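For reference, the structure is listed below as structure tokens.
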Amino acid sequence: MPMLKNPAVKYRPYTPLDLHDRTWPTKTITKPPIWLSTDLRDGNQALANPMSIAQKTRFFQQIVKCGLKEVEISYPAASETDFQFTRNLIEGGLIPDDVWIQVLTPARADLITRSFEALAGAKKAILHMYNACCPCFRDVVFRNSQDETVELAVTHTKLVRKLVDEYSAKYGTQFKYEYSPETFSQTEPDFAARVCEEVKKAWGKAGLGDERIIFNLPATVEIATPNHYADQIELFGRSISEREKVIISLHPHNDRGTAVAAAELAIMAGADRVEGTLLGNGERTGNVDIVTLALNQYSQGVSPGLDFSDLQGVIDVVTACTELPVHPRHPYAGELVFTAFSGSHQDAIKKGFEAQAKRHAADVKTGNMLYWEIPYLPIDPADLGCTYEAVIRVNSQSGKGGISYLVKQALSLDLPRRMQVSFYQVIQALSEETGKEITMEDIVSAFKKSYRFGGGVHEGRLVLKSFTLSEVPPSRPASPGHENGVHDTGRRFEGKLLVDGAVRMIRGEGNGPLSALLDALRGHLDLELSVREYSEHSIGEGTSVQAASYVELVKPNADPNNKMTSGYWGVGVASNIAASALRAVISAANNALGSDPVTPAKAHNVESEADIATAVYDSLSLDLPRHLQTAFLKVTKINTASTNGAISLDGLISLFRKTYEYDQISQGPFTLREYAIFNKDAHTRRFEGVVSIAGQEEKVIGEGNGPLSAFLAGLHTRLGKNARNPQTPGAELHGLIEIREFAQHSIGTGSDVKAASYILLGMDDASNRRTAWGIGVDEDISVSGLRAVLSAL
């Protein structure tokens with residue numbers, strides 16, 4: 006049957022109250038009501054699979070954990086399960102001393118008596134009795150007149166009073182009495198007031214505080230707009246006598262989807278108490294949701310007296326016990342309620358967080374309140390135990406602001422606006438390709454891949470392994486762009502760069518670290534780039550603070566001032582600004598390089614230490630210290646003077662081996678035969694060994710603060726008497742030998758690893774001052790150092 010074109014022929018509208026002097030619209034909610042959970046009674050009876058005693062017990066404990074002090078636990082006369090559950094709570098001591106349990110019974114003598122039997126021994130109990138009062142139920146269901154309906158309520162209230170007195174005397178139970186004129190919202194207002202007035206008189210012990218009688222006024226079926234329910238509550242409050250001895254309680258159902266609004270307006274109209282369920286389970290469309298009501302108040306600065314700090318824990322218990330899911334858009338509790346997919350919403354939220362951080366920082370200094378004010382988020386998700394990770398989620402409708410917000414949350418990187426635009430295009434393409442929501446993990450992975458960030462599998466073709474910066478007089482104008490926050494004096498960059506897995510030693514100079522690195526990339530890789538934009542910020546605080554740098558590079562044919570042309574963005578993070586900036590340049594350079602071929606290393610070029618170091622590293626895996634690079638460069642230039650500096654790679658390596666007797670240590674004039682090192686005390690090492698000096702074996706004994714200084718101390722004694730200058734056999738050496746520079750590193754990995762040691766020795770005597778480099782390689786790191794000493798001698 007289709008919907009009627011004129012529903013007025015079938016449905017009658019509600020009759021509004023003539024309450025022109027209503028006052029509730031001018032009121033505001035400034036304190037919470039008394040809360041009662043009816044999950045275990047009204048909620049349970051609405052389930053396809055009612056809860057077991059174990060489930061009810063778990064649910065009860067969660068309700069108490071949330072801070073509710075009144076819990077309607079059962080309809081004990083309706084089933085043995087409800088009766089036994091009530092007994093288990095009481096006999097098991099599971100009810101906190103400050104919690105009132107409530108049981109429901111209709112106005113029937115046998116059922117009232119059974120309900121009291123269930124409550125025997127309870128400390129605090131509310132007996133809740135009801136009978137239907139509206140014309141539809143009076144005339145159709147029960148066929149009672151108004152007088153008969155009043156008599157039914159009065160007679161059974163007197164029975165309740167009698168049993169309360171008996172059980173109080175016998176068990177010491179403190180009782181409250183609650184009466185519900187069921188279907189109140191469909192009952193004539195004057196009759197509802199009349200029956201409650203007669204019940205109060207029959208009860209005969211309404212007082213103040215905990216002695217107040219509770220009149221529960223349910224919207225058993227929601228049949229009108231919320232303002233009508235508020236009018237009914239205000240009118241009832243005016244009509245009932247001894248208002249100070251009465252608790253007006255609400256029990257709204259959600260048939261029209263406005264139970265929360267109806268409850269809020271009714272509280273403004275004077276109600277003192279609300280009966281509802283956690284997340285709104287109940288008959289038909291459910292009871293009013295206590296979580297929503299309480300958090301609505303919380304978001305207005307009114308403490309509800311309930312604790313939903315672990316809202317997900319509440320959700321887990323409710324869904325497990327009721328077997329009902331929570332809608333993803335359910336207020337406060339839904340999976341998506343704090344989530345923005347829309348680009349404009351994401352941008353507003355991102356800017357809101359940024360503005361609030363600045364505002365709160367200023368408020369802390371001035372002692373002002375740290376008010377929450379974020380677009381689209383009326384409450385802080387963190388207050389409910391939620392993280393900010395789900396606040397912004399990405400699909401094809403998302404914008405750059407939301408995506409950059411997620412990057413900041415995951416990686417603490419606050420992307421410059423133009424970089425946001427660049428990365429947004431990456432994510433948009435990914436979203437359109439998949440047609441699905443893009444997760445935080447997808448975004449982080451895409452960012453690391455796009456900007457070669459984080460190392461490991463995300464490393465690009467260019468990887469900066471190490472570097473040094475030194476000051477030099479500025480030799481050329483700055484590269485286009487500038488290096489805000491980075492030194493703008495003349496700088497020399499020297500670094501070890503992996504290029505497609507091979508090591509290159511590169512060197513460049515510029516007016517700052519960035520231009521020096523770009524000069525090195527230009528000179529060694531023919532990679533011509535300049536800086537268009539640079540920015541930086543700190544990550545963290547105190548000793549753990551790091552610097553994050555962002556750089557956009559452009560190629561020579563691009564106007565660096567024309568922001569419309571696309572560039573290549575990079576990002577770097579390090580413990581200092583210079584290192585982070587250099588990493589950002591390498592990140593961007595990777596994007597600029599793409600899959601283009603790289604200019605091969607110029608192994609025969611002897612004009613720079615960097616090319617010499619690259620050749621030696623590639624051939625021998627030796628990472629030469631910078632001063633050793635300089636020393637060998639001088640040797641190379643002397644030996645290639647006749648060829649204008651030209652030398653083959655093989656020739657260069659052969660010259661290196663000969664100069665430092667590399668791989669020939671056992672054949673030199675100084676050879677280590679055997680040794681042992683002892684700890685004389687906590688600060689002194691003792692060396693004892695045999696060294697061949699000019700073919701004659703000598704015992705060497707010395708002490709020092711380490712193996713090398715102990716070895717040298719022993720050698721010094723022998724050198725004065727027996728040692729010969731390797732360059733001039735037969736000449737004796739006189740003077741004190743000392744270590745001027747020392748370095749070590751490993752070669753290879755695993756079981757094949759070796760140690761390489763480099764040492765610069767100096768000797769001063771009366772007639773001469775000499776220095777010499779030595780190199781030693783061995784599986785034993787101590788032996789490599791000792792051999793380096795002998796190599797230098």
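All residue numbers in the sequence shown are consecutive under our numbering, ending with 798. Ideal Cβ placement from N, Cα and C applies to all residues, glycine included. Every value quoted in this text rests on a predicted model; they were computed, and no experiment measured them.
When beta bridges are read from the DSSP output, R690 appears opposite N684, G709. Taking C-beta atoms as the reference points, I786 and S796 fail to come closer than 8 Å. Annotation: the continuous alpha helix (DSSP H) that includes A636 extends over 631-644.
In this structure, D152 is the residue among A125, D152, I131, L132 with its C-alpha nearest to the C-alpha of C138. Non-local C-beta neighbours of S626 in its own chain, meaning closer than 7 Å and more than five positions away in sequence, comprise I752, ordered along the chain.
The DSSP-derived three-state label of E446 is helix.
For the pair D236 and N221, the Cα-to-Cα distance works out to about 16 Å. Three or more Cβ pairs closer than 8 Å define a contact, and the segment 307-326 meets that threshold against the segment 67-84. Annotated three-state conformation of G513 is strand, per DSSP. In the three-state reduction of the DSSP assignment, A760 falls in the strand class, which pools E and B. Contact between the segment 280-298 and the segment 239-247 is absent, with fewer than three C-beta pairs closer than 8 Å.
Assignment of T20 by DSSP, reduced to helix, strand and coil, places it in the coil class. Taken in chain order, the complete alpha helix (DSSP H) segments of 4 or more residues contained in the segment 542-629 are 582-598, 614-625. Restricting attention to P421, P81, I252, the CA atom closest to the CA of I117 is found in P81. G528 sits in a helix when the DSSP states are folded into three classes. The Cβ atoms of P38 and A276 lie closer than 8 Å to each other. Under the 8 Å Cβ criterion, the segment 335-354 counts as touching the segment 405-418, having at least three qualifying pairs. According to DSSP, N136 shares a beta bridge with P186. A direct Cα-to-Cα measurement between L99 and E203 gives close to 36 Å.
Taking C-alpha positions only, A563 is separated from V556 by approximately 16 Å. Assignment of L765 by DSSP, reduced to helix, strand and coil, places it in the strand class.
Excluding residues up to 5 positions away in sequence, G694, V695, V696, S697, E702 lie with their Cβ nearer than 8 Å to the Cβ of R678 in the same chain. With a 10 Å radius around the Cβ and a threshold of 16 neighbouring Cβ atoms, T188 comes out buried.
Its chain contains K128 as the residues whose beta carbon lies nearer than 7 Å to that of D102, once the 5 sequence neighbours on both sides are disregarded; these appear in chain order.
Between D26 and the set A123, E239, P186, V76, the nearest pair of CA atoms involves E239. DSSP places K210 outside both helix and strand once states are collapsed to three, so it counts as coil. Per the coordinates, the alpha-carbon of R792 lies some 38 Å from the alpha-carbon of I591.
Collapsing the DSSP output to three states places D385 in coil. Secondary structure of Q701 (DSSP, three-state): strand. The way I'd put it, the segment 298-305 doesn't touch the segment 45-63; fewer than three beta-carbon pairs between them come closer than 8 Å.
In the three-state scheme derived from DSSP, where H, G and I count as helix and E and B as strand, S417 is classed as coil. Per the C-alpha coordinates, the member of F661, E269, W208 positioned closest to H233 is E269. Bounds of the alpha helix (DSSP H) holding V322 are 316-327. Distance between I384 and G97, taken at the CA atoms: about 39 Å. Secondary structure of H258 (DSSP, three-state): strand. Burial state of I582 is buried, judged by a 10 Å Cβ sphere holding 16 or more other Cβ atoms.
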